[in-house]
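Novice: Mind having a look at this structure? Questions to follow.
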Amino acid sequence: MVTSTPAPVLALLCHIRELRDGHVLCELGENHEDDHAVMLDDADGTFGGALWARWNETSGRITLLPWCPAGLPEDRACGLFVDHGSGHGWEVIDPTTEAIRRELAKRYSAHFPEYGDDDRD
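Structure, rendered in structure tokens:
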């Protein structure tokens, strides 16, 4: 989810992460109730988690957070932090990535069977 990002948060993140037209992509998806979040660096080797930027309409912070322990039977980890306020990583759909996949499926349908029933333009 692309959010309108407060200037202090943009100033904090602009040297760490590529910004998209003055916005940061929240990894928690749409309609979550907690602060927005984006992972900055995987600190798994020493901490068992990652460095995350968290922000809301007025402030932001950078914090180390442990990984969410949830995982699917197919050995797919959540990829978010513990006690995140949204669905697990496999439930969050990035609309930009989804649009790209749908366009690729139109050209290379054999590689994207999950889009086989979509209406083709």
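Residues in the sequence shown are numbered from 3 upward in steps of one, following my numbering. The C-beta atom is built at its ideal place from N, Cα and C for all residues, glycine as well.
Quick check: what's the CA-CA separation for R122 versus W54?
Specialist: Because R122 carries a pLDDT of 47, less than 50, the predicted location of this residue cannot be relied on, and no value is offered for it.
Novice: What separation, rounded to the nearest whole angstrom, lies between the Cα atoms of E35 and L42?
Specialist: C-alpha separation (whole angstroms): 21 Å.
Novice: Compute the Euclidean distance between the alpha carbons of H113 and A107, then round it to the nearest angstrom.
Specialist: Whole-angstrom Cα-Cα distance: 7 Å.
Novice: On the DSSP letters alone, give me the boundaries of the beta strand (DSSP E) that P68 sits inside.
Specialist: 62-68 is the span of the beta strand (DSSP E), which, as asked, contains P68.
Novice: Could you tell me which residues DSSP pairs with L53 in its beta bridges?
Specialist: BP columns for L53 point to D43, L66.
Novice: Tell me whether L74 sits in a helix, a strand or coil according to DSSP, three-state version.
Specialist: The answer is coil: DSSP assigns L74 none of H, G, I, E or B.
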